[in-house]
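Going down the list, the protein sequences come from chains A and E.
Taking our numbering, the leading residue of the first sequence gets 37, the next gets one more, and so forth.
Taking our numbering, the leading residue of the second sequence gets 796, the next gets one more, and so forth.
First up is the structure itself, then whatever we jot down about it.
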Amino acid sequence: NAGVMQNPRHLVRRRGQEARLRCSPMKGHSHVYWYRQLPEEGLKFMVYLQKENIIDESGMPKERFSAEFPKEGPSILRIQQVVRGDSAAYFCASSPNNEKLFFGSGTQLSVL
Amino acid sequence: GQQLNQSPQSMFIQEGEDVSMNCTSSSIFNTWLWYKQDPGEGPVLLIALYKAGELTSNGRLTAQFGITRKDSFLNISASIPSDVGIYFCAGQLRTGGFKTIFGAGTRLFVKA
């Protein structure tokens, strides 16, 4: 059973470009979560999705950030018009039952 | 919002020593989780605690869910170099929605 797969592992964007981060949950997991981690800091909750529905997006900036988890395919975290402050590691986690979270290896976003 | 205070922020220890770290909160949590993060990787679940007072072991790791449900500790016995990493506590609340809140992490350095 493959773990949570995130791609790309590293993403470099120039200011103003769009960043699309992908997350394939573990097989059988219908709950997906996105977290952001800045250097030397903990994990900050962004959004919680359950197949095609956003359950909690209280940690996600209101502008430029969006997330989806379609019926088919991976979950996508989309950041439009990136700024330098968006540079961080973005982690996706999945769960079969909204209890234990299993994390992917993350996408390191660097904005030039 | 809910916050977790994790301490110490970092620890420098000698191989073979025992380690203790803890998390406290002003909020009551239903579940406590402990994760370890290696450099460049996502957090990996170590121990999950579901009941107040519960004491659970996983090899050299032991964690307890505080009686008040507002705190938890993690002990590592006879540390080895591969214990190096960042240890995160996480609290889960089940009322009015769901969210997993992470502490800021304890950075463990082990000298051989």
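Idealized CB from N, CA, C, for every residue including glycine.
*Does A/Phe127 get closer than 8 angstroms to chain D when you measure Cβ to Cβ?*
Looking at the structure shown, chain D is missing, and the protein chains on hand are A and E.
*Using a Cβ-Cβ cut-off of less than 9 angstroms, give me the residues of the stretch 134-148 of chain A that come near chain E, in sequence order.*
Asn134, Glu135, Lys136, Leu137, Phe138, Phe139, Gly140, Ser141, Gly142, Gln144
*What's the gap between the Cα of E/Gln798 and the Cα of A/Pro110?*
Here residue 798 of chain E refers to the residue found at position 3 of the second sequence. Here residue 110 of chain A refers to the residue found at position 74 of the first sequence. Rounded to the nearest angstrom, the two C-alpha atoms are 30 angstroms apart.
*Are the beta-carbon atoms of E/Ser820 and E/Asp866 separated by less than 8 angstroms?*
Mapped onto the second sequence, residue 820 of chain E falls at position 25. Mapped onto the second sequence, residue 866 of chain E falls at position 71. Yes, the pair counts as a contact, with Cβ atoms nearer than the cut-off.
_For a contact defined as C-beta to C-beta under 7 angstroms, what are the partners of E/Phe807 on chain A?_
Numbered from its first residue, the second sequence carries residue 807 of chain E at position 12. Simply none; closest approach about 16 angstroms.
_What residue range does the beta strand (DSSP E) around A/Gln53 cover?_
The residue given as residue 53 of chain A occupies position 17 in the first sequence. Where A/Gln53 is concerned, there is no enclosing beta strand (DSSP E), given that its DSSP letter is neither H nor E.
*Closer than 8 angstroms by C-beta to A/Cys59: which residues in its own chain qualify, once you throw out the five before and the five after it? Chain order, please.*
Taking the first residue of the first sequence as 1, we reach residue 59 of chain A at position 23. Taken in chain order, the residues that qualify are Val40, Met41, Gln42, Val68, Trp70, Pro110, Ser111, Ile112, Leu113, Cys128, Ser130, Gly140.
*To the nearest angstrom, report how far apart E/Cys884 and A/Lys63 are at their CA atoms.*
Position 89 of the second sequence holds residue 884 of chain E. Position 27 of the first sequence holds residue 63 of chain A. So the two alpha carbons sit approximately 26 angstroms from each other.
*With burial defined as no fewer than 16 other Cβ atoms inside 10 Å of the residue's Cβ, what is the status of E/Pro834: buried or exposed?*
Within the second sequence, numbered from 1, the residue matching residue 834 of chain E stands at position 39. With fewer than 16 Cβ atoms within 10 Å of its Cβ, E/Pro834 is classed as exposed.
*Output the distance between the C-alpha atoms of E/Ile875 and A/Glu54, rounded to the nearest integer angstrom.*
Along the second sequence, read from residue 1 onward, the residue named residue 875 of chain E stands at position 80. Along the first sequence, read from residue 1 onward, the residue named residue 54 of chain A stands at position 18. Each residue's alpha carbon lies about 43 angstroms from the other.
*Compute the distance between the beta-carbons of E/Gly837 and A/Gly142, then report whether it is under 8 angstroms.*
Taking the first residue of the second sequence as position 1, residue 837 of chain E is located at position 42. Taking the first residue of the first sequence as position 1, residue 142 of chain A is located at position 106. Yes. Within cutoff.
_I'd like to know whether the C-beta of A/Gly52 is nearer than 8 angstroms to at least one C-beta of chain E._
The sequence position of residue 52 of chain A within the first sequence is 16, counting from 1. Not an interface residue.
*Would you kindly work out how many angstroms separate the C-alpha atoms of A/Asp92 and E/Ala907, rounded to a whole number?*
Counting from 1 along the first sequence, the entry for residue 92 of chain A is found at position 56. Counting from 1 along the second sequence, the entry for residue 907 of chain E is found at position 112. A/Asp92 and E/Ala907: Cα-Cα distance of roughly 44 angstroms.
*How is the beta strand (DSSP E) around A/Met41 delimited, first residue to last?*
On the first sequence, residue 41 of chain A is found 5 positions in, with the first residue counted as 1. Note, A/Met41: beta strand (DSSP E), 41-43.
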